[in-house]
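Step one of this worksheet: look at the structure below.
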Amino acid sequence: SQTIHQWPATLVQPVGSPLSLECTVEGTSNPNLYWYRQAAGRGLQLLFYSVGIGQISSEVPQNLSASRPQDRQFILSSKKLLLSDSGFYLCAWSWTVPPHNEQFFGPGTRLTVL
Amino acid sequence: SQQGEEDPQALSIQEGENATMNCSYKTSINNLQWYRQNSGRGLVHLILIRSNEREKHSGRLRVTLDTSKKSSSLLITASRAADTASYFCATELREDDYKLSFGAGTTVTVRA
Numbered sequence: 003s004q005t006i007h008q009w010p011a012t013l014v015q016p017v018g019s020p021l022s023l024e025c026t027v028e029g030t031s032n033p034n035l036y037w038y039r040q041a042a043g044r045g046l047q048l049l050f051y052s053v054g055i056g057q058i059s060s061e062v063p064q065n066l067s068a069s070r071p072q073d074r075q076f077i078l079s080s081k082k083l084l085l086s087d088s089g090f091y092l093c094a095w096s097w098t099v100p101p102h103n104e105q106f107f108g109p110g111t112r113l114t115v116l
Numbered sequence: 358s359q360q361g362e363e364d365p366q367a368l369s370i371q372e373g374e375n376a377t378m379n380c381s382y383k384t385s386i387n388n389l390q391w392y393r394q395n396s397g398r399g400l401v402h403l404i405l406i407r408s409n410e411r412e413k414h415s416g417r418l419r420v421t422l423d424t425s426k427k428s429s430s431l432l433i434t435a436s437r438a439a440d441t442a443s444y445f446c447a448t449e450l451r452e453d454d455y456k457l458s459f460g461a462g463t464t465v466t467v468r469a
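Top to bottom, those sequences are chains C and A.
Heads up: the first sequence is residues 3 to 116, going by our numbering.
Heads up: the second sequence is residues 358 to 469, going by our numbering.
So this is what it looks like as structure tokens:
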């Protein structure tokens, strides 16, 4: 069976500090991978998605970046955090080939920037 | 930008009652999905309905889709305290079949 891991679970960082959030998937190969951000009481905003190693698509301009150094590893980074980067970050994966269109989510990382 | 919008934003019901929430969207879709999120957790996929389907059932869940009105509804029958969560609709657009667009969600509270 497939599992998805995210760490850390919670993070408190000062403004201007760097960020690295990691997501790994087990039990599948060549998944589509996604990073979302969820503001308090809101829906999910798609930040990045990847259909293969080294292939990253950005959905919104921001000071965040994503990388996929290995098939089942997806990393969200920032060189300098802003207050507005606070939120709940969710990683998800999906099968590459339809009709398996549902996404499977990790437990999330709650980031607070002070 | 968000494609789907859920209605109502919040819903409070008694255990055993049914809960209905609606989702409207703007452009043509391949499918529409419903997810549940317990407080502070990741999302869990509940059910997927394709654009050529009108109704689908899964346990106590019933989903309808009306593509002419660009709307969907999720019905939870005989609700339980464990159904307390936020429910999100997500649409897969025809031209973006790798991505989902999520609404802002309906928060459901089931009172014991």
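Just so you know, even glycine gets a beta-carbon here, dropped at the ideal spot from N, CA and C.
| task | Provide the residue(s) that pair with Ser80 of chain C in DSSP beta bridges, ordered along the chain. | result | C:Leu21 and C:Leu66
| field | Members of the segment 428-461 of chain A that neighbour chain C once the beta carbon cut-off is set at 9 Å | value | Answer in chain order: Ser443, Phe445, Ala447, Glu449, Asp454, Tyr455, Lys456, Leu457, Ser458, Phe459, Gly460 and Ala461.
| Thr464 of chain A and Ala367 of chain A: beta carbons closer than 8 Å? | yes
| By the criterion of Cβ-Cβ separation under 7 Å, what are the contact partners of Gly399 of chain A in chain C? | Contact of Gly399 of chain A with chain C by beta-carbon distance below 7 Å involves Leu92, Phe107, Gly108, Pro109 and Gly110.
| query | Per DSSP, what kind of secondary structure is Asp73 of chain C in: helix, strand or coil? | reply | coil
| request: Please state if the CB of Tyr455 of chain A and the CB of Asn32 of chain C are separated by a distance shorter than 8 Å. | output: Cβ distance not < 8 Å, so Asn32 of chain C and Tyr455 of chain A don't count as in contact.
| query | Taking Cβ positions only, does His414 of chain A come closer than 8 Å to chain C? | reply | no
| said: My parser needs the beta strand (DSSP E) runs of 3 or more residues fully inside the segment 420-462 of chain A; what are they? | reply: 428-433 and 442-450
| field | Residues that Asn388 of chain A contacts on chain C, provided the C-beta gap is smaller than 8 Å | value | Asn103
| message | Counting only beta-carbon separations shorter than 8 Å, does Val27 of chain C have a partner in chain A? | response | no
| query | Using Cβ-Cβ distances below 7 Å, what residues of the segment 52-82 of chain C are close to chain A? | reply | Going along the segment 52-82 of chain C in chain order, one finds Val53 with a Cβ nearer than 7 Å to chain A.
| task | Reducing DSSP to helix, strand and coil, say where Ser88 of chain C ends up. | result | If DSSP states are grouped into helix, strand and coil, Ser88 of chain C belongs with coil.
| message | What would DSSP say about Gly54 of chain C, mapped onto helix, strand or coil? | response | strand
| C-alpha distance - Glu412 of chain A paired with Glu362 of chain A, whole-angstrom precision | 19 Å
| message | Let me confirm a value: Trp9 of chain C is counted as buried when at least 16 other C-beta atoms fall within 10 Å, else exposed. Which label applies? | response | exposed
| query | Are the C-beta atoms of Gly89 of chain C and some chain A residue less than 8 Å apart? | reply | no
| task | Measuring alpha carbon to alpha carbon, tell me which of A:Ser385, A:Leu405 and A:Ile370 ends up nearest Phe106 of chain C. | result | Phe106 of chain C has its Cα closest to that of A:Leu405, out of A:Ser385, A:Leu405 and A:Ile370.
| task | Pull out every residue of the segment 35-46 of chain C whose Cβ sits closer than 9 Å to any Cβ of chain A, in chain order. | result | Tyr36, Tyr38, Gln40, Gly43, Arg44, Gly45 and Leu46
| said: Per DSSP, what are the beta-bridge partners of Thr466 of chain A in this structure? | reply: A:Ser369
| For Ser415 of chain A, the three-state DSSP class (helix, strand or coil) | In the structure shown, Ser415 of chain A sits in a strand (DSSP, three-state: E or B).
| request: Measure the Cβ-Cβ separation of Arg70 of chain C and Ser52 of chain C and say whether it is below 8 Å. | output: yes
| said: So, at 7 Å on beta carbons, what are the nonlocal neighbours of Gly462 of chain A in its own chain, with the 5 sequence-adjacent residues on each side left out? | reply: Glu363, Ser443, Tyr444 and Phe445
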